[in-house]
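Enquirer: Below: one structure in C-alpha coordinates.
Residue numbers (the working numbering): 26 to 285.
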(Lines of atoms letter the chains of each structure in order from A and count residues from 1; the text may use other names and numbers.)
(Lines give C-alpha, C1' and ligand atoms only; values in the text may rest on other atoms or scores of the structure.)
Protein backbone atom coordinates (compact mmCIF):
# COMPACT_ATOMS: atom_id res chain seq x y z
CA UNK A 1 0.00 0.00 0.00
CA UNK A 2 1.34 3.41 -0.92
CA UNK A 3 2.04 6.17 1.55
CA UNK A 4 -0.71 8.19 -0.14
CA UNK A 5 -3.29 5.51 0.61
CA UNK A 6 -2.09 5.26 4.19
CA UNK A 7 -2.56 9.00 4.56
CA UNK A 8 -6.16 8.52 3.47
CA UNK A 9 -6.58 5.84 6.12
CA UNK A 10 -5.55 8.22 8.87
CA UNK A 11 -7.92 10.81 7.39
CA UNK A 12 -5.52 13.70 7.33
CA UNK A 13 -4.49 13.31 10.96
CA UNK A 14 -0.92 14.29 10.18
CA UNK A 15 -2.02 17.82 9.26
CA UNK A 16 -3.36 18.45 12.73
CA UNK A 17 -0.79 16.50 14.73
CA UNK A 18 2.52 17.37 13.17
CA UNK A 19 4.40 17.09 16.46
CA UNK A 20 2.24 14.34 17.92
CA UNK A 21 3.74 10.88 18.31
CA UNK A 22 1.77 7.66 18.77
CA UNK A 23 1.47 6.89 22.46
CA UNK A 24 1.81 3.16 21.92
CA UNK A 25 2.66 0.50 19.35
CA UNK A 26 2.03 -3.12 20.33
CA UNK A 27 3.54 -6.29 18.86
CA UNK A 28 2.28 -9.85 18.66
CA UNK A 29 3.36 -13.18 17.15
CA UNK A 30 0.72 -15.50 15.75
CA UNK A 31 2.81 -18.71 16.10
CA UNK A 32 0.54 -21.80 16.24
CA UNK A 33 -2.45 -20.09 17.82
CA UNK A 34 -5.90 -20.63 16.42
CA UNK A 35 -7.47 -17.65 14.72
CA UNK A 36 -10.01 -17.38 17.56
CA UNK A 37 -7.23 -17.27 20.16
CA UNK A 38 -5.36 -14.66 18.15
CA UNK A 39 -8.44 -12.45 17.82
CA UNK A 40 -9.19 -12.73 21.53
CA UNK A 41 -5.72 -11.44 22.32
CA UNK A 42 -6.12 -8.49 19.98
CA UNK A 43 -9.50 -7.60 21.43
CA UNK A 44 -8.25 -7.96 25.00
CA UNK A 45 -5.70 -5.23 24.33
CA UNK A 46 -7.95 -2.95 22.31
CA UNK A 47 -6.11 -3.40 19.01
CA UNK A 48 -7.92 -1.91 16.02
CA UNK A 49 -5.45 -2.70 13.22
CA UNK A 50 -2.98 -5.51 12.58
CA UNK A 51 0.19 -4.42 10.80
CA UNK A 52 1.72 -7.50 9.19
CA UNK A 53 5.53 -7.29 9.07
CA UNK A 54 6.19 -10.75 7.66
CA UNK A 55 8.21 -10.78 4.47
CA UNK A 56 6.15 -13.74 3.28
CA UNK A 57 2.68 -13.38 4.79
CA UNK A 58 1.58 -17.00 4.70
CA UNK A 59 2.02 -20.25 6.58
CA UNK A 60 1.53 -23.74 5.18
CA UNK A 61 0.75 -25.32 8.55
CA UNK A 62 -1.19 -22.32 9.93
CA UNK A 63 -3.10 -21.16 6.85
CA UNK A 64 -5.50 -19.16 9.02
CA UNK A 65 -2.78 -16.49 8.99
CA UNK A 66 -2.33 -16.36 5.23
CA UNK A 67 -2.67 -12.92 3.69
CA UNK A 68 -5.31 -14.26 1.31
CA UNK A 69 -7.74 -15.03 4.13
CA UNK A 70 -6.64 -13.19 7.28
CA UNK A 71 -7.82 -9.66 6.34
CA UNK A 72 -11.37 -10.89 5.66
CA UNK A 73 -11.54 -12.85 8.91
CA UNK A 74 -10.34 -9.85 10.91
CA UNK A 75 -12.81 -7.59 9.12
CA UNK A 76 -15.68 -9.79 10.33
CA UNK A 77 -14.89 -8.82 13.93
CA UNK A 78 -14.19 -5.16 13.23
CA UNK A 79 -10.40 -5.33 12.95
CA UNK A 80 -8.39 -3.81 10.10
CA UNK A 81 -5.31 -5.28 8.43
CA UNK A 82 -2.41 -3.96 6.43
CA UNK A 83 0.76 -5.64 5.17
CA UNK A 84 3.91 -3.50 5.24
CA UNK A 85 6.54 -5.52 3.35
CA UNK A 86 9.01 -2.69 3.78
CA UNK A 87 9.29 -3.73 7.44
CA UNK A 88 9.58 -7.43 6.64
CA UNK A 89 12.65 -9.58 7.07
CA UNK A 90 14.50 -11.51 4.37
CA UNK A 91 17.40 -9.07 4.16
CA UNK A 92 20.89 -9.79 2.94
CA UNK A 93 24.13 -9.48 4.87
CA UNK A 94 26.36 -6.59 3.80
CA UNK A 95 30.11 -6.35 3.81
CA UNK A 96 31.41 -3.68 6.15
CA UNK A 97 28.39 -3.97 8.44
CA UNK A 98 28.03 -1.44 11.26
CA UNK A 99 26.11 -4.03 13.25
CA UNK A 100 28.62 -6.79 13.96
CA UNK A 101 27.49 -6.74 17.58
CA UNK A 102 24.90 -9.25 16.38
CA UNK A 103 26.55 -12.63 15.99
CA UNK A 104 23.46 -13.94 14.30
CA UNK A 105 23.63 -13.01 10.62
CA UNK A 106 19.85 -12.67 10.30
CA UNK A 107 19.59 -10.04 13.01
CA UNK A 108 22.72 -8.33 11.67
CA UNK A 109 21.28 -8.21 8.15
CA UNK A 110 18.08 -6.63 9.40
CA UNK A 111 20.00 -4.08 11.47
CA UNK A 112 21.89 -3.15 8.28
CA UNK A 113 18.59 -2.74 6.47
CA UNK A 114 17.41 -0.41 9.22
CA UNK A 115 19.96 2.14 7.99
CA UNK A 116 18.29 2.44 4.57
CA UNK A 117 15.80 5.00 3.22
CA UNK A 118 13.36 2.18 2.43
CA UNK A 119 13.19 1.19 6.08
CA UNK A 120 12.78 4.82 7.13
CA UNK A 121 9.87 5.29 4.71
CA UNK A 122 8.15 2.14 5.90
CA UNK A 123 8.64 3.05 9.55
CA UNK A 124 7.15 6.47 8.83
CA UNK A 125 4.10 4.72 7.34
CA UNK A 126 3.74 2.69 10.53
CA UNK A 127 4.01 5.79 12.70
CA UNK A 128 1.41 7.54 10.58
CA UNK A 129 -1.03 4.67 11.07
CA UNK A 130 -0.33 4.49 14.79
CA UNK A 131 -1.22 8.17 15.24
CA UNK A 132 -4.84 7.34 14.48
CA UNK A 133 -5.31 3.73 15.54
CA UNK A 134 -4.22 1.19 18.13
CA UNK A 135 -1.95 -0.95 16.03
CA UNK A 136 -0.20 -4.24 16.69
CA UNK A 137 2.80 -5.34 14.64
CA UNK A 138 2.31 -8.98 13.74
CA UNK A 139 4.95 -11.53 12.83
CA UNK A 140 5.11 -15.32 13.14
CA UNK A 141 7.37 -15.91 16.14
CA UNK A 142 5.63 -16.23 19.51
CA UNK A 143 8.26 -14.40 21.57
CA UNK A 144 9.53 -10.97 20.53
CA UNK A 145 13.20 -11.45 21.39
CA UNK A 146 13.45 -14.19 18.76
CA UNK A 147 11.91 -11.95 16.12
CA UNK A 148 12.97 -9.00 14.00
CA UNK A 149 10.02 -7.06 15.40
CA UNK A 150 12.23 -6.47 18.46
CA UNK A 151 14.57 -4.46 16.21
CA UNK A 152 11.61 -2.52 14.81
CA UNK A 153 10.67 -1.81 18.42
CA UNK A 154 14.19 -0.45 19.01
CA UNK A 155 13.75 1.89 16.05
CA UNK A 156 10.42 3.11 17.43
CA UNK A 157 11.85 3.55 20.91
CA UNK A 158 14.67 5.84 19.77
CA UNK A 159 11.97 7.96 18.14
CA UNK A 160 10.25 8.30 21.48
CA UNK A 161 7.47 5.81 20.76
CA UNK A 162 6.56 3.34 23.49
CA UNK A 163 6.34 -0.29 22.35
CA UNK A 164 4.79 -3.17 24.27
CA UNK A 165 4.74 -6.86 23.41
CA UNK A 166 1.48 -8.74 23.88
CA UNK A 167 2.36 -11.81 25.94
CA UNK A 168 -1.09 -12.97 27.04
CA UNK A 169 -4.65 -11.67 27.33
CA UNK A 170 -3.76 -9.95 30.59
CA UNK A 171 -0.13 -8.98 30.16
CA UNK A 172 1.99 -6.78 27.93
CA UNK A 173 5.74 -6.47 28.28
CA UNK A 174 7.35 -3.07 27.80
CA UNK A 175 10.10 -3.18 25.20
CA UNK A 176 13.47 -1.89 26.36
CA UNK A 177 16.32 -0.90 24.09
CA UNK A 178 18.73 -3.69 23.17
CA UNK A 179 21.54 -3.34 25.68
CA UNK A 180 24.41 -3.01 23.19
CA UNK A 181 22.59 -0.68 20.80
CA UNK A 182 24.18 2.70 20.15
CA UNK A 183 21.79 5.58 19.50
CA UNK A 184 22.65 8.44 17.17
CA UNK A 185 19.72 10.81 16.95
CA UNK A 186 16.88 8.67 15.61
CA UNK A 187 19.06 5.84 14.31
CA UNK A 188 20.47 2.86 16.15
CA UNK A 189 23.40 0.60 15.39
CA UNK A 190 24.76 -2.48 17.11
CA UNK A 191 28.58 -2.35 16.99
CA UNK A 192 30.89 -4.88 18.56
CA UNK A 193 31.96 -4.07 22.08
CA UNK A 194 35.56 -2.93 22.35
CA UNK A 195 37.36 -4.85 25.07
CA UNK A 196 41.08 -4.15 25.37
CA UNK A 197 42.53 -4.57 21.92
CA UNK A 198 39.79 -6.80 20.61
CA UNK A 199 36.19 -6.45 19.61
CA UNK A 200 33.57 -8.85 20.84
CA UNK A 201 30.18 -9.52 19.32
CA UNK A 202 27.23 -9.87 21.62
CA UNK A 203 24.93 -12.70 22.29
CA UNK A 204 21.32 -11.63 22.85
CA UNK A 205 20.51 -10.83 26.46
CA UNK A 206 17.62 -13.26 26.79
CA UNK A 207 16.86 -16.47 24.89
CA UNK A 208 19.01 -17.40 21.91
CA UNK A 209 18.05 -14.55 19.65
CA UNK A 210 17.32 -15.64 16.15
CA UNK A 211 15.62 -13.70 13.44
CA UNK A 212 11.94 -13.87 12.74
CA UNK A 213 10.62 -16.92 10.93
CA UNK A 214 9.62 -14.89 7.93
CA UNK A 215 13.22 -14.11 7.00
CA UNK A 216 13.50 -17.32 5.03
CA UNK A 217 11.23 -20.08 3.79
CA UNK A 218 11.40 -23.80 3.26
CA UNK A 219 11.48 -25.39 -0.14
CA UNK A 220 8.86 -28.01 -0.82
CA UNK A 221 11.41 -30.61 0.27
CA UNK A 222 11.10 -30.27 4.05
CA UNK A 223 13.82 -32.83 4.71
CA UNK A 224 16.51 -30.70 3.11
CA UNK A 225 15.44 -27.46 4.83
CA UNK A 226 17.24 -25.30 2.30
CA UNK A 227 16.78 -21.57 2.50
CA UNK A 228 14.65 -20.95 -0.58
CA UNK A 229 15.19 -17.22 -0.82
CA UNK A 230 18.97 -17.42 -0.53
CA UNK A 231 21.84 -19.81 -1.07
CA UNK A 232 22.66 -21.00 2.45
CA UNK A 233 21.41 -24.30 3.80
CA UNK A 234 20.72 -24.88 7.49
CA UNK A 235 23.89 -26.96 7.61
CA UNK A 236 25.88 -23.88 6.61
CA UNK A 237 23.94 -21.89 9.15
CA UNK A 238 25.02 -24.28 11.88
CA UNK A 239 28.66 -23.96 10.87
CA UNK A 240 28.45 -20.22 11.26
CA UNK A 241 26.33 -20.24 14.42
CA UNK A 242 26.29 -23.75 15.91
CA UNK A 243 23.92 -22.82 18.74
CA UNK A 244 21.81 -20.26 16.97
CA UNK A 245 20.16 -20.05 13.61
CA UNK A 246 17.19 -18.37 12.00
CA UNK A 247 14.07 -20.09 13.22
CA UNK A 248 12.75 -19.49 9.74
CA UNK A 249 15.01 -22.24 8.46
CA UNK A 250 12.49 -24.67 9.91
CA UNK A 251 9.63 -22.78 8.35
CA UNK A 252 7.09 -20.31 9.63
CA UNK A 253 5.45 -22.89 11.86
CA UNK A 254 8.01 -23.30 14.63
CA UNK A 255 6.08 -24.21 17.77
CA UNK A 256 6.77 -22.62 21.12
CA UNK A 257 4.79 -22.74 24.32
CA UNK A 258 2.29 -19.93 24.08
CA UNK A 259 0.78 -18.14 27.07
CA UNK A 260 -3.01 -18.17 26.92
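Here a beta-carbon is modelled for each residue, glycine too, at the ideal position from N, C-alpha and C.
In this text the structure is predicted, and so the values were computed from the model without any measurement.
If you draw a straight line from the C-alpha of residue 155 to the C-alpha of residue 122, how long is it?
Expert: As a working mapping, residue 155 is identified with position 130 in the chain shown. As a working mapping, residue 122 is identified with position 97 in the chain shown. Distance between the alpha carbons of residue 155 and residue 122: 31 Å.
Enquirer: Specify whether the region 82-98 and the region 51-63 touch according to this definition: at least 3 beta carbon pairs, one from each stretch, less than 8 Å apart.
Expert: These segments touch.
Enquirer: Which of the three DSSP states is assigned to residue 20 in this structure?
Expert: Residue coverage of the chain in this structure runs from 26 to 285, which leaves residue 20 outside it and unanswerable.
Enquirer: Decide if residue 208 is buried, meaning its Cβ has at least 16 other Cβ atoms within 10 Å, or exposed.
Expert: Locating residue 208 in the chain shown gives position 183, counting from the first residue. Its Cβ having fewer than 16 others within 10 Å, residue 208 is exposed.
Enquirer: Can you have a look at residue 150 and say buried or exposed, based on whether 16 or more other CB atoms are within 10 angstroms of its CB?
Expert: Working through the chain shown from its first residue, we reach residue 150 at position 125. Under this definition residue 150 is a buried residue.
Enquirer: Let me know if residue 200 comes out buried or exposed under the rule of 16 or more other beta-carbons within 10 Å of its beta-carbon.
Expert: Within the chain shown, residue 200 is the residue found at index 175, counting from 1. Buried, by the Cβ-count rule.
Enquirer: Looking only at its own chain, which residues have a Cβ that is under 7 Å from the Cβ of residue 79, when we skip the five neighbours before and after it?
Expert: The count along the chain shown starts at 1 and reaches residue 79 at position 54. Excluding residues within five positions, the ones whose Cβ falls inside 7 Å are 113, 164, 165, 239.
Enquirer: Can you tell me which of the three DSSP states residue 141 falls into?
Expert: Locating residue 141 in the chain shown gives position 116, counting from the first residue. Coil, per DSSP.
Enquirer: So residue 160 and residue 51 are in contact, right, with Cβ under 8 Å, and what is the actual spacing, rounded?
Expert: Locating residue 160 in the chain shown gives position 135, counting from the first residue. Locating residue 51 in the chain shown gives position 26, counting from the first residue. About 7 Å separates the two Cβ atoms, so the contact holds.
Enquirer: On a CA-only basis, which of 210, 178, 216 is nearest residue 47? Give me that one, please.
Expert: As a working note, residue 47 is residue 22 in the chain shown. Closest option to residue 47, Cα to Cα, is 178.
Enquirer: For the alpha helix (DSSP H) that contains residue 97, what are its first and last residues?
Expert: By 1-based counting over the chain shown, the position of residue 97 is 72. Its alpha helix (DSSP H) spans residues 95-101.
Enquirer: What first and last residue would you give for the alpha helix (DSSP H) that runs through residue 177?
Expert: Locating residue 177 in the chain shown gives position 152, where the first residue counts as 1. That run of the alpha helix (DSSP H) goes 174-182.
Enquirer: Starting from the Cα of residue 206, find the closest Cα among 45, 108, 133, 67 and give me that residue.
Expert: Numbered from 1 along the chain shown, position 181 holds the residue referred to as residue 206. If we check each option's Cα against that of residue 206, 133 comes out closest.
Enquirer: Indicate whether the contact test is met: 3 or more Cβ pairs, each with one atom in the region 96-115 and one in the region 60-76, closer than 8 Å.
Expert: Output reads yes: the region 60-76 touches the region 96-115.
Enquirer: How about residue 190 and residue 169: do their beta carbons lie closer than 9 Å?
Expert: Working through the chain shown from its first residue, we reach residue 190 at position 165. Working through the chain shown from its first residue, we reach residue 169 at position 144. Against a cut-off of 9 Å, the Cβ pair of residue 169 and residue 190 comes out as a contact.
Enquirer: Residue range of the beta strand (DSSP E) that residue 53 falls in?
Expert: Mapped onto the chain shown, residue 53 falls at position 28. Looking at the DSSP string, the run of the beta strand (DSSP E) that includes residue 53 is 50-54.
Enquirer: Along the beta strand (DSSP E) that carries residue 166, what are the first and last residues, could you check?
Expert: Here residue 166 corresponds to residue number 141 of the chain shown, with the count starting at 1. Taken as a continuous stretch (DSSP letters only), residue 166 belongs to no beta strand (DSSP E), as it is neither H nor E.
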